[in-house]
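So the first sequence is numbered by UniProt numbering: it starts at 1 and just counts up by one.
For glycine and all other residues, C-beta sits at the position ideal for the given N, C-alpha and C.
Quick caveat, the model's predicted, so the values are computed rather than measured.
Notes follow once the structure below has been shown.
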Amino acid sequence: MSAKKTSSAPARPAKKAVTASPATSTDGAVTPDAPAADAEPEQAQPLFSELGLSEPIQRAIDEMGYRHPTPIQAQAIPYVLMGRDVLGVAQTGTGKTASFTLPMLEILQGSRARARMPRSLILEPTRELALQVAENFVNYGKHLKLTHALLIGGESMAEQKEVLNRGVDVLIATPGRLIDLFERGGLLLTQTKLLVIDEADRMLDMGFIPDIEKIVSMLSPLRQTLFFSATMAPEIRRLADAFLRNPKEITVSRPSSVASTIETGLAIVDAKDKRRALRKLLREADMQNAIVFCNRKRDVDVLCKSLIKHGFSAGALHGDLAQSVRFSTLEAFKSGELKILVCSDIAARGIDIGGLSHVFNFDLPFHAEDYVHRIGRTGRAGRTGHAYSLATPDEEALAQAIEKLTGKPIPRIEVKGVDNLQWSDEPRSTNGRRKSRKSNADTAAAAPVTPAPTTPAAVADEPPRRGRRQAAATAAPATSTPPRREREAGLLPAAPDQPITGFGEDMPAFMRLPRREKPVIAADE
DNA sequence: AAAAAAT
Numbered sequence: 001m002s003a004k005k006t007s008s009a010p011a012r013p014a015k016k017a018v019t020a021s022p023a024t025s026t027d028g029a030v031t032p033d034a035p036a037a038d039a040e041p042e043q044a045q046p047l048f049s050e051l052g053l054s055e056p057i058q059r060a061i062d063e064m065g066y067r068h069p070t071p072i073q074a075q076a077i078p079y080v081l082m083g084r085d086v087l088g089v090a091q092t093g094t095g096k097t098a099s100f101t102l103p104m105l106e107i108l109q110g111s112r113a114r115a116r117m118p119r120s121l122i123l124e125p126t127r128e129l130a131l132q133v134a135e136n137f138v139n140y141g142k143h144l145k146l147t148h149a150l151l152i153g154g155e156s157m158a159e160q161k162e163v164l165n166r167g168v169d170v171l172i173a174t175p176g177r178l179i180d181l182f183e184r185g186g187l188l189l190t191q192t193k194l195l196v197i198d199e200a201d202r203m204l205d206m207g208f209i210p211d212i213e214k215i216v217s218m219l220s221p222l223r224q225t226l227f228f229s230a231t232m233a234p235e236i237r238r239l240a241d242a243f244l245r246n247p248k249e250i251t252v253s254r255p256s257s258v259a260s261t262i263e264t265g266l267a268i269v270d271a272k273d274k275r276r277a278l279r280k281l282l283r284e285a286d287m288q289n290a291i292v293f294c295n296r297k298r299d300v301d302v303l304c305k306s307l308i309k310h311g312f313s314a315g316a317l318h319g320d321l322a323q324s325v326r327f328s329t330l331e332a333f334k335s336g337e338l339k340i341l342v343c344s345d346i347a348a349r350g351i352d353i354g355g356l357s358h359v360f361n362f363d364l365p366f367h368a369e370d371y372v373h374r375i376g377r378t379g380r381a382g383r384t385g386h387a388y389s390l391a392t393p394d395e396e397a398l399a400q401a402i403e404k405l406t407g408k409p410i411p412r413i414e415v416k417g418v419d420n421l422q423w424s425d426e427p428r429s430t431n432g433r434r435k436s437r438k439s440n441a442d443t444a445a446a447a448p449v450t451p452a453p454t455t456p457a458a459v460a461d462e463p464p465r466r467g468r469r470q471a472a473a474t475a476a477p478a479t480s481t482p483p484r485r486e487r488e489a490g491l492l493p494a495a496p497d498q499p500i501t502g503f504g505e506d507m508p509a510f511m512r513l514p515r516r517e518k519p520v521i522a523a524d525e
């Protein structure tokens, strides 16, 4: 590849830049930390010491070598300390995690937890993120006597139960295990007065929202809630409205933008040439460490094995691997022992690995936003990052979706030694080469979607369908007869003379109420 | 279509 790389700065020596997260790399060296400082000389930089954190926490911050809070930290910490709810719109890499862990430590210090009643709860979408947050508590809380527990799947529940029984101040959890344990009675959330919902947009993507709603409904309405999301889609906004009370809204860094510090490129090659093309890119890159994203877990395995066979220092990370392997691989990568991490979208968001020089997309992501998240792993802290993608000729639509979202074209690059192709003219066949045309059966099946010639008669004797609801509404003036389907599904109140069985005399009154669209979460006091 | 998360 050679697109426009000639202007790039001289190679950075491997030693300094490679160190993983600052959390693990510093031994108290108080460097006037560069991250924001050399980006733009903005107004006077705030100091951590001005944020009202007490001595043991301030000392831990000093020892880790931090002096200046990031924008989200500077803005959020004072409000959290005031006891306000916070709605933070921020991506990982902005210092979001410390913006809640630091003030939480401050709030929690001083009193102690009771058995099985955690005083605070942090919800994370993936186990890796949960672990990362836990590390944060260890680092910043090392001069305090607070306890925390990590409640995630894939690990022994007995152990987690025992820690809970001793009482924890901070509970860091993924939703599945938390609910499981709660239902087994190992946990009471009535005393939990501080709740953090992290990466809400990702929770939404992963279908966790019902779980989250359930968990929130187990907490006291008299609680402080901190809610973070990288984006503020309407759905997320709705959730925030349900969970938060009079929140202070803090936004840093706009979503769906590619940082200007990332150099991107896209090569179009045949599927069979992808591995060779990737190796070429890896060898030519002035690379410290890189993440390679694949769309499928099995491709992660295959590619990783292939890279190792070709002499690369690579490890695989995806959700089907044992938890212990996931953690140790991630650790090896962070420490620099592994140079290349081949992974699924498990690591596309959130996971904070410092000093990542390159991101490669072995496959273009299915969803354009994932592209932004993936390549956002590089180009951090004012350093130039590199993000190169491979696509097959039939994936033009994916590339276009990405370019439309980011508003920037991805420059084409050529990989030497493989056939560099163009987009095929074939309109769009989701699955690849062959099957250029088929019988009209296909097209016939697909056809009705567009024209939709709805005759009133056809509408009338069919149950209302999604696409035709409108037509139905205008055709027939709304009758007040409730749809039978809904009545049968129990979505409507039973008639008073039809008792609901199974409760005897103890039937709660709400059983007779009509169901609401979503559960009422925190009734105001 | 794929990935994540509870056993």
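Determine the extent of the alpha helix (DSSP H) in which residue i is found, giving its start and end residues.
i           : result
H373        : A368 to I375
Y388        : Careful: Y388 lies outside any alpha helix (DSSP H), inside the beta strand (DSSP E) at G385 to A391.
residue 534 : Because the chain in this structure spans residues 1 to 525, residue 534 falls outside the shown range and cannot be described.
I402        : E396 to T406
S156        : No alpha helix (DSSP H) contains S156, which DSSP labels as neither H nor E.
residue 583 : Here the chain comprises residues numbered 1 to 525, so residue 583 is not present and cannot be evaluated.
E63         : E55 to E63
R275        : K274 to E284
E213        : I209 to M218
K305        : K297 to K309
What residue range does the beta strand (DSSP E) around residue i cover?
i    : result
G88  : V86 to V89
T264 : I262 to I268
When you compare each of the options to residue i by their alpha carbons, which one comes out closest?
i    : options                   : result
L188 : E155, L178 and I197       : L178
Q400 : I172, L266, H318 and A242 : L266
P78  : R374, H68, L244 and F100  : F100
D273 : Y388, N289 and T392       : T392
A115 : E337, P409, F360 and E162 : E162
R202 : T231, T251, I72 and I215  : T231
T126 : G154, R119 and P118       : G154
V89  : Q75, I353 and Y388        : Q75
I262 : K408, R112, H68 and A113  : K408
H373 : L244, T92 and M218        : T92
T97  : V269, F227, G176 and S111 : F227
E128 : V342, L330 and H68        : L330
C304 : V269, A271, L338 and V196 : L338
I197 : L181, E183, G185 and L171 : L171
K142 : L47, A60, G52 and F327    : A60
R283 : E235, I340 and I250       : I340
G207 : L81, T192, F48 and P175   : P175
L194 : P118, V302, F327 and F362 : P118
R238 : A200, E159, G315 and I215 : A200
L131 : C294, P234, A173 and L164 : A173
F362 : N420, R377, S313 and I268 : I268
S424 : I410, D394 and R412       : D394
Give the DSSP bridge partners of residue i, in chain order.
i    : result
V292 : V342 and F360
A314 : I340
L151 : A173
Q224 : L194
T251 : V89
S229 : V89
S120 : V170 and L194
R412 : L266
R114 : M117
Quick check on residue i: buried or exposed, where buried means 16 or more other Cβ atoms within 10 Å of its Cβ?
i    : result
T94  : buried
L108 : buried
D286 : exposed
K334 : buried
A29  : Its pLDDT being 29, under 50, A29 is placed unreliably in this model, and the value from its coordinates should be taken loosely. Answer is exposed; the Cβ neighbour count stays below 16.
M104 : buried
D370 : buried
A322 : exposed
V168 : buried
T190 : exposed
P221 : exposed
E396 : buried
N289 : buried
R296 : exposed
G49  : Rather than Gly, the amino acid found at residue 49 in this sequence is Ser. Exposed is the call here.
G354 : buried
T225 : buried
A158 : exposed
Quick one: does the C-beta of residue i sit closer than 7 Å to a heavy atom of the ligand NAD?
i    : result
K193 : For the ligand NAD, the structure offers nothing, since it holds no ligand at all.
Touch test, the stretch 133–140 against the stretch 210–225, Cβ-Cβ under 8 Å, three pairs minimum | No: fewer than three Cβ pairs fall under 8 Å.
If we count Cβ pairs, one from each stretch, closer than 8 Å, do we get three or more for the stretch 141–148 versus the stretch 341–350?
-> As far as the Cβ criterion goes, the stretch 141–148 does not touch the stretch 341–350, which means the pair count is below three.
May I ask you to verify whether the stretch 229–244 touches the stretch 312–322, counting CB pairs closer than 8 Å and requiring at least 3?
-> Touching, no, given that fewer than three Cβ pairs across the two stretches are closer than 8 Å.
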